[in-house]
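If you're matching positions, the sequence shown starts at 31 in the working numbering and goes up one per residue. We put the CB at the ideal spot given by N, CA and C, even for glycine.
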Amino acid sequence: MDLLNKTAIVTGASSGIGIAFSEKLIQKGTKVYGLARRLHKLQEVKEKLGDLFIPVEMDITKAADIESWVKSEFNDENSPDILINNAGLGSFGNVDELSIQDWDTMMNTNLNGVFYITKAVVPLMKRNPNHCHIINISSVAGLLGNPQISAYNATKFGLRGFSEALFKELRYDKIKVSTMFPGSIATHFFGDNKEESTHSNMMQPGDVANTLIHLLETPDNLLINEITLRPLNPKNPDN
Ligand SMILES: NC(=O)c1ccc[n+]([C@@H]2O[C@H](COP(=O)([O-])OP(=O)(O)OC[C@H]3O[C@@H](n4cnc5c(N)ncnc54)[C@H](OP(=O)(O)O)[C@@H]3O)[C@@H](O)[C@H]2O)c1
């Protein structure tokens, strides 16, 4: 896909790799609708990235809000070519200590939210004369289960299944579906779990975003449906 003058929706654009994805897309001339709950953070991103970045205050767990926004914003003349399902979060702990609320929040954000926005956007993409591309951000936790991250594992494994089914379902509609499985990236993702879950040589958001651009710029009849990214050396060689 040639990214010049294309239109993208990026969820989770107020932080971390969502900002990096938006920045690289805008550098290529793509208009980006950046979705997140914290409007003030999105406004800061707009100040940095300029008018091609359109902040949209949106909680992706609210199906009705997504449906009405997609219906009011888009039509066959202004249709999204790209959907980056990036918004996501993780709460960690032993299964017997994990709250039902934390389980539900992860399911609602990492899985249900992806379904709500994908379901709303796909009909527009099916009618779009351009090739379109949906990229879902899973994690290496979508490939490997590990202690204390069972709920997050369940959402990211689930996203892999959803993505694989969609890639086979939508390929004849000229819609590519890819899934990225990154290892640890230096973002705000880990919050209070920093001590346990992070290390000193994590991947940089801009480098992960360059890979996303590569997936999008592949020739129309070439699909990279899955890609795993890891820090080569998870320990800082300078330490
Ligand atoms: N960092 C890593 O090591 C790593 C590794 C593998 C995969 N990932 C995945 O990468 C994605 C982005 O994570 P990140 O590292 O960039 O973390 P981050 O800095 O914490 O960003 C998470 C983004 O998700 C948004 N978000 C959360 N809940 C939302 C909701 N209900 N509605 C709309 N937006 C919501 C947040 O915005 P608001 O709070 O403003 O709503 C924020 O913009 C996630 O799916 C994560 O699972 C991260």
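- prompt: Looking only at its own chain, which residues have a Cβ that is under 6 Å from the Cβ of Glu225, when we skip the five neighbours before and after it?
  reply: Numbered from its first residue, the sequence shown carries residue 225 at position 195. Because Glu225 carries a pLDDT of 47, less than 50, the predicted location of this residue cannot be relied on, and no value is offered for it.
Open item on the list: Please report the distance separating the alpha-carbon of Gly191 from that of Glu74.
Closed with: The residue given as residue 191 occupies position 161 in the sequence shown. The residue given as residue 74 occupies position 44 in the sequence shown. Computed Cα separation, rounded: 35 Å.
So is the beta-carbon of Thr139 under 7 Å away from any non-hydrogen atom of ligand 1?
-> On the sequence shown, position 109 is the one that residue 139 refers to. Answer for Thr139: yes, Cβ within range of ligand 1.
How big is the Cα-Cα spacing for Lys76 and Phe51? Against the sequence shown, residue 76 aligns to sequence position 46. Against the sequence shown, residue 51 aligns to sequence position 21. Their backbone Cα atoms lie some 13 Å apart in a straight line.
Q) Going along the chain, which residues of its own chain have a beta-carbon closer than 8 Å to the beta-carbon of Ala239, five neighbours each way excluded? A) Numbered from its first residue, the sequence shown carries residue 239 at position 209. Cβ neighbours of Ala239 within its own chain (closer than 8 Å, five residues either side excluded): Ile47, Ala50, Phe51, Glu53 and Lys54.
Exercise. Name the residue from Asn115, Val62, Leu79 and Ala195 whose alpha carbon lies nearest to the alpha carbon of Val86.
Key: The residue given as residue 86 occupies position 56 in the sequence shown. Residue Val62 is the option with its Cα nearest to Val86.
Requested in this report: Sort Gly64, Ala93, Leu259 and Pro264 by Cα distance to Lys149 and report the nearest one.
Outcome: On the sequence shown, position 119 is the one that residue 149 refers to. Checked all of Gly64, Ala93, Leu259 and Pro264; the closest Cα to Lys149 is Ala93.
Practice item. With a threshold of 7 Å, establish whether the CB of Arg201 neighbours any heavy atom of ligand 1. Key: Taking the sequence shown and counting its residues from 1, the one referred to as residue 201 is at position 171. Within the chosen limit of 7 Å, ligand 1 does not reach the beta carbon of Arg201 with any heavy atom.
Start-end ranges of the alpha helix (DSSP H) lying completely within the region 55-100, minimum 4 residues:
Counting whole runs of 4 or more residues, the region 55-100 contains the alpha helix (DSSP H) stretches 69-79.
ask   = DSSP on Lys204, reduced to helix/strand/coil?
value = By one-based count along the sequence shown, residue 204 stands at place 174. Secondary structure at Lys204: coil, using DSSP grouped into helix, strand and coil.
Contact between the region 206-215 and the region 121-137 (3+ Cβ pairs under 8 Å)
Between the region 206-215 and the region 121-137 there are fewer than three C-beta pairs closer than 8 Å, too few to call the two in contact.
Check: Comparing alpha-carbon positions, which option in Leu252, Pro159, Thr139 and Lys78 lies nearest Gly188?
Finding: Within the sequence shown, the letter at position 158 stands for residue 188. Ranking the options by Cα distance to Gly188, first place goes to Thr139.
- Enumerate in chain order the residues of its own chain whose CB-to-CB distance from Lys58 is below 6 Å, with the five nearest sequence positions on each side excluded. The residue labelled residue 58 in the question sits at position 28 within the sequence shown. Non-local beta-carbon contacts of Lys58 in its own chain, meaning distances under 6 Å to residues more than five positions away in sequence, involve Leu33 in chain order.
May I ask whether a heavy atom of ligand 1 can be found less than 7 Å away from the beta carbon of His244?
By 1-based counting over the sequence shown, the position of residue 244 is 214. Answer for His244: no, Cβ out of range of ligand 1.
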